[in-house]
Amino acid sequence: MIVFKKAQALHNYLEKIASKNVSIGFVPTMGALHKGHIELINRAKQQCNFVVCSIFINPAQFNNKTDFEKYPVTIENDILLLEENETDVLFLPSVNEIYPEGTNVLQHYNLGYLENILEALYRPGHFQGVCNVVDHLLNIVKPQKVFFGQKDYQQTLVVKVLMQHFHPRIKMIVEETMRENDGLAMSSRNMRLSNSARKKATAIYQALQFIKQNIPNKNLDELKHEAASIIINNGFSKIDYVEICDAESLLPVNDLHQHKNLIALAAAFIDDVRLIDNLFIN
Ligand code: PAF
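Letter 32 of the sequence shown, counting from 1, is numbered 196 in the working numbering, and no numbers are missing.
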């Protein structure tokens, strides 16, 4: 695996690779890699001839300073994992390399209503930060395909909007959320949980499953209310939202029976760690 720290050097190198008709798959990450990331790398390997992974903890997408400061960093282990899984290139830029003019002068993207619902309400500026870095990374790497996980469902819709406008020729692939044996969605932030919080954290998935299983028997308010109780009664300290939305638009629904595909989503805090998860409900 070749490690690049400079955007221009990586860009030049990948231009040469692409000119040989080699397809490039790209997996952008913030490091602290887990099996979910490795699954994305493996999917990229199956579908493309050359795989690039980036590790960059993007300061522009953290609305909470402590979350940024405490974001897990496991770079040596990440490099080992990427090498074991035959990643061709790792891009490991500094903040200055990505934001030479600093993070106060960000580009603004029109994300429409996606910036006024769910995650966007609780994490102001988060998706603008995501768009800035993803746009920048896609311009550097210029892959044929880029791979994301479904756990950050709203992010996948936001990036879809970004890509329709600015990168229409790149294909976006969204892979199913990988889960631990007890159902907890894999996430780098899980590394921050104490042992006891880790055991309780599965409640967020149980709450989403409760919604899925009880859709035929309960009304919307009961489903959301009882799912929230499952989360709180199992040791979470605060819930940002438990919502049932149309899976395509992500708009919260008022009537469960008027939508073909639904998705249940939740965001809640345990041990001061904010976890999110979602589950499709057909
Ligand atoms: O999903 C993530 O890890 C990040 O939001 C991403 C897409 C790498 C942008 O920083």
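In this text, a Cβ means the ideal position worked out from N, Cα and C, and glycines have one as well.
CA-to-CA distance, residue j to residue i, given in whole angstroms
i       : j       : result
Glu-344 : Phe-190 : 25 Å
Val-222 : Leu-326 : Looking at the sequence shown, residue 222 is not Val but Asn. Straight-line Cα distance between these residues: approximately 17 Å.
Thr-366 : Ile-395 : 9 Å
His-329 : Gly-399 : 42 Å
Val-237 : Pro-257 : 14 Å
Pro-264 : Leu-282 : 31 Å
Asn-206 : Tyr-369 : 25 Å
Asp-449 : Lys-184 : An answer regarding residue 449 cannot be provided, because it is not within the stretch 165 to 446 covered by the chain.
Ile-440 : Asp-316 : 8 Å
Pro-416 : Gln-373 : 18 Å
Leu-443 : Lys-309 : 24 Å
Asn-296 : Tyr-273 : 8 Å
Met-165 : Leu-301 : 19 Å
Tyr-277 : Gln-318 : 11 Å
Asn-383 : Val-259 : 47 Å
Ile-375 : Leu-174 : 46 Å
Val-253 : Ser-218 : 8 Å
Leu-449 : Ala-208 : Because the chain is modelled from 165 through 446, residue 449 falls outside the range shown and cannot be assessed.
Ala-431 : His-421 : 24 Å
Asp-404 : Asn-303 : 34 Å
Asn-176 : Glu-261 : 15 Å
Gln-271 : Gln-292 : 8 Å
Local Cβ density within 10 Å of residue i, reported as buried at 16 or more and exposed below that
i       : result
Asp-385 : exposed
Asp-346 : exposed
Pro-288 : exposed
Pro-332 : exposed
Lys-402 : exposed
Pro-192 : buried
Pro-307 : buried
Leu-244 : exposed
Ser-413 : exposed
Lys-199 : exposed
Ser-352 : buried
Thr-230 : exposed
Ile-202 : buried
Gln-377 : exposed
Glu-279 : buried
Beta-bridge partners of residue i, as assigned by DSSP
i       : result
Asn-354 : None; Asn-354 has no bridge partner.
Val-167 : Leu-254
Met-336 : Val-310
Ala-432 : Ile-403, Leu-439
Asp-410 : Leu-426
Pro-416 : Cys-409
Phe-444 : Ile-427
Ala-349 : Arg-343
CB contact below 8 Å: residue i versus chain C
i       : result
Ile-239 : Here chain C cannot be found, since the structure has a single protein chain.
Lining residues of the ligand PAF - beta-carbon closer than 6 Å to any non-hydrogen atom, in sequence order: Pro-192, Thr-193, Met-194, Asn-222, Gln-225, Val-294, Val-297, Val-298, Asp-316, Gln-319
4-residue-minimum alpha helix (DSSP H) runs that sit fully inside the segment 176-255, ordered along the chain: 199-211, 229-233, 239-248
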